[in-house]
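J.: Chains as they are written, first to last, in our numbering: chain A, 1 to 142; chain B, 1 to 553. Using N, Cα and C, we set each Cβ at its ideal position, and we do this for glycine too. Please read all numbers here as calculations on a predicted model, not as lab measurements.
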Amino acid sequence: MHYFNVLIVDDEEDFLETITKRLNKRQVDASGARSGEEALELLKEKTFDVVILDIKMPGGMDGIEALREMKKIQPLAEVILLTGHASVETSIEGMKLGAFDYLLKPIKLDDLLKKIAQAIEKKDIHDNKIRSAQIKKLLRYW
Amino acid sequence: MKTSLYKNLQRKIIGITLVVSFAPLIILGVTMYYQFAKTCKEKTEEQIQYRAMAQAEAVDMFLKERIAILSSMADTHNFNEMIDEENLSNIFIVMNARAGAFVDIGVIDDSGVHRAYQGPYNLKGLNYFDQPWFAEVMSKGVFLSHVYMGYRKLPHFIIAVRRDENRKSWILRATIDPAVLEGIVRQAQIGRTGDAYLVNKDGIFQTSPRFKGLILSQSDLDTSLFGGRVTVVELENKQGMKLLYAGSWLKNNKWLLIINQEPAEMMQSLFAVRNVEITIIVFGFLVIIMTTIFTTHLAVSQLQESDATMQKLNAQLVQSDKLAAIGKMAAGVAHEINNPLNVILQKTGWMEDLLAEEDIKKSENFEEFQTSIQKIEEHVERARKVVHNMLGFARKMEPRLEDVDINDTINQTITFLENYARTNNIEIQTDLSGQLPIIANDQAQLQQVFLNLITNAIDAIGKDGLVEIKSRRLDSRICISIKDDGPGIPEEKQKNVFDPFFTTKEVGQGTGLGLSVSYNIIEKMGGTIRLKSQVGKGTTFTVEVPVVVPERK
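1. Check each candidate in B:307, B:363, B:109 and B:516 and name the one with the smallest Cα separation from residue 389 of chain B.
2. Any beta carbon of chain B sitting closer than 8 Å to that of residue 68 of chain A?
3. Can you tell me the Cα-Cα spacing of residue 354 of chain B and residue 439 of chain B, whole angstroms?
4. Name, please, each residue of chain A whose Cβ falls closer than 7 Å to the Cβ of residue 349 of chain B.
5. Identify the continuous beta strand (DSSP E) that holds residue 223 of chain B and give its terminal residues.
6. Going by C-alpha to C-alpha distance, which of B:292, B:352, B:272 and B:252 sits closest to residue 18 of chain B?
7. Specify, as a first and last residue, the run of the alpha helix (DSSP H) that residue 183 of chain B falls within.
8. With a threshold of 7 Å on Cβ separation, who are the neighbours of residue 488 of chain B within its own chain once the five nearest residues in sequence on each side are excluded?
9. Do residue 112 of chain B and residue 129 of chain B have their C-beta atoms closer together than 8 Å?
10. Only counting runs of 4 or more residues, tell me where the alpha helix (DSSP H) segments fall wholly within the stretch 135 to 209 of chain B, in order along the chain.
11. Measure the Cβ-Cβ separation of residue 92 of chain B and residue 105 of chain B and say whether it is below 8 Å.
12. What are the boundary residues of the alpha helix (DSSP H) that includes residue 494 of chain B?
13. Identify the contact partners of residue 18 of chain A in chain B, using a Cβ-Cβ distance below 8 Å as the criterion.
14. Which residue comes first and which comes last in the beta strand (DSSP E) that contains residue 465 of chain B?
15. Pop quiz: residue 156 of chain B and residue 176 of chain B are said to be a contact at Cβ under 8 Å. What is the actual Cβ separation, rounded to whole angstroms?
16. Can residue 36 of chain A and residue 65 of chain A be called in contact, C-beta distance under 8 Å?
17. What's the gap between the Cα of residue 16 of chain B and the Cα of residue 34 of chain B?
18. Counting beta carbon pairs with one atom in the stretch 143 to 155 of chain B and one in the stretch 193 to 209 of chain B, are three or more of them shorter than 8 Å?
19. Any idea what DSSP makes of residue 422 of chain B, helix, strand or coil?
20. Distance check for residue 121 of chain A and residue 55 of chain A, CA to CA, integer angstroms please.
21. Could you give the DSSP three-state label for residue 132 of chain B: helix, strand or coil?
22. Does residue 197 of chain A have its Cβ less than 8 Å from a Cβ in chain B?
23. Which partner residues does residue 113 of chain B have in the DSSP bridge list?
24. Please classify residue 105 of chain A: is it buried, with 16 or more other beta-carbons within 10 angstroms of its beta-carbon, or exposed?
25. Any chance you could list the beta strand (DSSP E) runs of at least 3 consecutive residues sitting entirely within the stretch 90 to 129 of chain A, in chain order?
26. Taking contact to mean 3 or more Cβ pairs, one atom from each stretch, closer than 8 Å, check whether the stretch 371 to 380 of chain B and the stretch 341 to 356 of chain B are in contact.
27. Determine, using beta carbons only, whether residue 37 of chain A comes closer than 8 Å to chain B.
28. Can you confirm whether residue 398 of chain B, when its beta carbon is compared against all beta carbons of chain A, has any partner nearer than 8 Å?
29. Give me, in chain order, the residues of the same chain whose beta-carbon lies closer than 8 Å to that of residue 77 of chain B; leave out the 5 immediate sequence neighbours on both sides.
30. Check whether the stretch 118 to 137 of chain B and the stretch 191 to 202 of chain B touch, using three or more Cβ-Cβ pairs below 8 Å as the test.
31. Please list, in chain order, all residues of the same chain as residue 126 of chain A whose beta carbon is under 8 Å from its beta carbon, the five residues on each side excluded.
32. Please classify residue 234 of chain B: does DSSP put it in a helix, a strand, or coil?
33. Round the Cβ separation of residue 98 of chain A and residue 115 of chain A to the nearest angstrom and send it over; I've been treating them as touching at under 8 Å.
34. How would you label residue 275 of chain B, buried or exposed, when you count the other beta carbons within 10 angstroms and need 16 or more for buried?
35. Check each candidate in B:150, B:188, B:214 and B:110 and name the one with the smallest Cα separation from residue 163 of chain B.
36. Which residues in chain B sit within 7 Å of residue 15 of chain A, going by Cβ to Cβ distance?
Below is the structure:
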């Protein structure tokens, strides 16, 4: 297993189930949530490095709404948006709200893995900055 | 059917305009003509009346003079002197020398015997006692006869005056040749057709008329029509021709002086005016007709043109409406299709993952499974492309403006397709204008359009052919044409080529979106895209984009 974990949010159960299995098979710690609400519950319980979020989910909370809430709970989790149509505008809006990038459906696993890797890389740099800042802070008190 | 509508309109406008402009012209012409004719006739009548009166006065004067001369001769000589032939001859010579027109002269005593005579006829000794004029002159003193033949078988008339001498009366009588009268009367005749003559109360000619009739014959003129001093009447003569007659009674009330004339001759000036008027009116008609036809034609053809433009605009509007509606639908459909595609892709991916595991690899049909999965993935990819194109069509992309060299863009596009064309033995020829300005446009979108059009051209030809690409500047537009020598597009299909999903290619070869996407792109740029095609000759697509000068940075 890699040292990072992924949460996939999509209302399409077949997709959710398969992509989770495939990621797990590639040693990625992946969990699934079938709605925005379910995802938020999981985020409150557990820290995730990357969230893959379907922008358009019928019924309940829509992707953008869920994204906003997620950033409140875990601002450091990187979010990759999935979009079923080319609503680039929505994706841009999502990225303005702090999403890392977006992918067009149907997605190829290789593309997804690449994006996850990029997101982790970015997050690592960010985490490192936080850590070194904390170290400096500690050193000052030394 | 449309043209007949315009023809009809044109006919109506011309008809109404002509009626409206002709009616006053005709009314004016007719009114003017009749007014002028009336004035002319009045003037003619006045003239003829005046002449009749003047000439009657001249005749009156003549007769009065003869009577006066005769009377003075009678009064200044006694009977005995008069019957002396030599004396009478002298008197006759003096009279004719002074006044003329006397043919002969004679002296008649109170018993009616012709006592003395001077003249060409031997009338001496004749007794006039029973003649009615003898009684009249004896009672009234003066007598003027009608023109008559008498003993000498020549038309003449006589003047007789009575002289009372020593309770006895004698008469001096003179004959006058009516030709002299005729000479005076004829002075009133004018023109080719004018006539002037004298008639008595019974309508007998007293002088010879100029035409038709002899002295002493019946003139068939109803003298009772003439009264007062001068009367003008219009009568038909024997030939049925209308003549204008002016009649003036002489002072003796025996003779009527008649002047007649064909009104036509008098009205020559009227006819001249009428001809001028008709010429002007006819000329006016011609000018009006020509102007009306010309202006109406101009107006109708302009109307036709603007109608055509309207129709074109409407067609464009309908087309963009259609595209917008289909775009919305496409976006919805794309979303609905992408989700199942996504699932299929993941499921096959999963199967692929599982196939990689050891035990399955040994299976007999392992290869079959693997190819099937690959095929499924391939076709999902194909479906994805279709949907993607649909979305590209639906997406409302605002063109990104950059500096674009159209020729460069065309050349770049051709390099993508060179190989494809060459394998099909199709030559791409370019004729690019060196005068094209750099414009502000979206290069990627333009390239997409050119790619679509050139690909279509190559596909239309199939094998062995020529694609010609031309670029030209037309005022404020740049015009790019892409021409192929393929089979052409039948006319009934031409209007559909810009519709989404319309394709002539085989199933699976084209999405039918290329041209409608191109149409959308060019329309958003404010340009146009048109086609001209003839079956058997090939197709030309012409793209026009506005020249927008890039902002200086």
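T.: Judging by the given coordinates:
1. Counting from 1 along the second sequence, the entry for residue 389 of chain B is found at position 389. Sorting B:307, B:363, B:109 and B:516 by C-alpha distance to the C-alpha of residue 389 of chain B places B:516 at the top.
2. On the first sequence, residue 68 of chain A is found 68 positions in, with the first residue counted as 1. For residue 68 of chain A, no CB of chain B lies under 8 Å from its own CB, so it is not counted at the interface with that chain.
3. If you number the second sequence from 1, residue 354 of chain B lands on position 354. If you number the second sequence from 1, residue 439 of chain B lands on position 439. The alpha-carbon atoms of residue 354 of chain B and residue 439 of chain B are separated by roughly 55 Å.
4. If you number the second sequence from 1, residue 349 of chain B lands on position 349. Within 7 Å Cβ-Cβ: 22 and 109.
5. Position 223 of the second sequence holds residue 223 of chain B. No beta strand (DSSP E) holds residue 223 of chain B; DSSP gives it neither H nor E.
6. Here residue 18 of chain B refers to the residue found at position 18 of the second sequence. Nearest C-alpha to residue 18 of chain B: B:292.
7. Here residue 183 of chain B is taken as the residue at index 183 of the second sequence, counted from 1. Boundaries of the alpha helix (DSSP H) around residue 183 of chain B: 178 to 186.
8. Residue numbering aside, residue 488 of chain B sits at position 488 when the second sequence is read from its first letter. In its chain, beyond the 5 residues on either side, 533, 534, 535, 536, 537, 538 and 539 have a beta carbon closer than 7 Å to the beta carbon of residue 488 of chain B.
9. The sequence position of residue 112 of chain B within the second sequence is 112, counting from 1. The sequence position of residue 129 of chain B within the second sequence is 129, counting from 1. With a cutoff of 8 Å on beta-carbon distance, residue 112 of chain B and residue 129 of chain B are scored as near each other.
10. Taking only runs of at least 4 residues, the alpha helix (DSSP H) segments lying wholly in the stretch 135 to 209 of chain B are 178 to 186.
11. The residue you call residue 92 of chain B lines up with position 92 of the second sequence. The residue you call residue 105 of chain B lines up with position 105 of the second sequence. In this structure, residue 105 of chain B lies closer than 8 Å to residue 92 of chain B by Cβ.
12. What you label residue 494 of chain B is simply residue 494 of the second sequence in a count that begins at 1. That run of the alpha helix (DSSP H) goes 491 to 494.
13. The count along the first sequence starts at 1 and reaches residue 18 of chain A at position 18. Within chain B, the residues near residue 18 of chain A are 343, 346, 347, 349 and 350.
14. In the second sequence, residue 465 of chain B corresponds to position 465, counting from 1. Counting along the chain, residue 465 of chain B sits inside the beta strand (DSSP E) bounded by residues 465 to 474.
15. Here the question's residue 156 of chain B lines up with position 156 in the second sequence. Here the question's residue 176 of chain B lines up with position 176 in the second sequence. That pair is a contact at about 7 Å.
16. The residue given as residue 36 of chain A occupies position 36 in the first sequence. The residue given as residue 65 of chain A occupies position 65 in the first sequence. Yes, the pair counts as a contact, with Cβ atoms nearer than the cut-off.
17. Here residue 16 of chain B refers to the residue found at position 16 of the second sequence. Here residue 34 of chain B refers to the residue found at position 34 of the second sequence. Each residue's alpha carbon lies about 27 Å from the other.
18. Counting C-beta pairs closer than 8 Å gives three or more between the stretch 193 to 209 of chain B and the stretch 143 to 155 of chain B, which meets the contact rule.
19. Along the second sequence, one-based indexing puts residue 422 of chain B at 422. The answer is helix: DSSP assigns residue 422 of chain B an H, G or I state.
20. Taking the first residue of the first sequence as position 1, residue 55 of chain A is located at position 55. Taking the first residue of the first sequence as position 1, residue 121 of chain A is located at position 121. Roughly 23 Å between the two C-alpha positions.
21. Position 132 of the second sequence holds residue 132 of chain B. Residue 132 of chain B: helix per DSSP, three-state reduction.
22. Residue 197 of chain A lies beyond the range of chain A shown here (1 to 142); nothing can be said about it.
23. Translated into positions along the second sequence, residue 113 of chain B becomes position 113. DSSP, once it has assigned bridges, lists B:127 as partnering residue 113 of chain B.
24. As a position in the first sequence, residue 105 of chain A is number 105, starting the count at 1. Buried.
25. If only complete runs of 3 or more residues are kept, the stretch 90 to 129 of chain A shows the beta strand (DSSP E) at 101 to 104, in order along the chain.
26. Per the Cβ contact rule, the stretch 371 to 380 of chain B is in contact with the stretch 341 to 356 of chain B (3 or more Cβ pairs under 8 Å).
27. Counting from 1 along the first sequence, the entry for residue 37 of chain A is found at position 37. It does not: the Cβ of residue 37 of chain A has no partner Cβ on chain B nearer than 8 Å.
28. Here residue 398 of chain B corresponds to residue number 398 of the second sequence, with the count starting at 1. Unreliable placement is indicated for residue 398 of chain B, whose pLDDT of 45 sits below 50; no coordinate value is reported for it.
29. Here residue 77 of chain B refers to the residue found at position 77 of the second sequence. Answer for residue 77 of chain B: 87 and 91, listed in chain order.
30. Pairwise C-beta distances place the stretch 118 to 137 of chain B out of contact with the stretch 191 to 202 of chain B, as fewer than three of them are shorter than 8 Å.
31. Here residue 126 of chain A refers to the residue found at position 126 when the first sequence is read from its first residue. In the same chain as residue 126 of chain A, and ignoring 5 residues on each side of it, the C-beta atoms closer than 8 Å to its own belong to 76, in chain order.
32. Counting from 1 along the second sequence, the entry for residue 234 of chain B is found at position 234. Strand at residue 234 of chain B.
33. Mapped onto the first sequence, residue 98 of chain A falls at position 98. Mapped onto the first sequence, residue 115 of chain A falls at position 115. The beta carbons of residue 98 of chain A and residue 115 of chain A sit about 16 Å from each other, so the pair does not count as a contact at 8 Å.
34. Here residue 275 of chain B is taken as the residue at index 275 of the second sequence, counted from 1. Classification for residue 275 of chain B: exposed.
35. The residue labelled residue 163 of chain B in the question sits at position 163 within the second sequence. It is B:110 whose Cα lies nearest to the Cα of residue 163 of chain B.
36. The residue labelled residue 15 of chain A in the question sits at position 15 within the first sequence. Those are 342, 343 and 346, listed as they occur along chain B.
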